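I have placed the structure first, in the form of structure tokens, so that the comments after it can refer back to it.
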Amino acid sequence: MIDDSDHYKDVDVVISLLNAVYCRDGADMAVQAAKHMIAAAAALLTCEHGPGETRRILRIVGNAQGKAS
5 MIDDSDHYKD VDVVISLLNA VYCRDGADMA VQAAKHMIAA AAALLTCEHG
55 PGETRRILRI VGNAQGKAS
């Protein structure tokens, strides 16, 4: 079983990668990189858990993003 701290390390790596892209190539490229990461994660979720679970998770993320705005 993966410890929660391992998940946070993964998030830190992704944030560091996006920050590096932002600093090197600018905001537009960082946004494109983030979109590619989300698409890859959605594809993996679909393979592992099915399209229904993927839609549910993406809906949760969309709702959280709307609340953060």
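Numbering (my numbering), first residue to last: 5 to 73.
Note that the Cβ used here is the ideal one computed from N, Cα and C, for glycine as well.
Keep in mind that this is a model prediction, so the values were computed, not measured.
- Looking only at 31, 20 and 58, the smallest Cα-Cα distance to residue 44 is reached by 58.
- With respect to residue 41, residue 18 sits close: the two C-beta atoms are nearer than 8 Å.
- Taken atom to atom, the span from the alpha-carbon of residue 25 to that of residue 56 is near 32 Å.
- If only uninterrupted beta strand (DSSP E) runs of at least 3 residues are considered, none is enclosed by the region 28-56.
- Cβ atoms of residue 22 and residue 38 come within 8 Å of each other, at about 6 Å.
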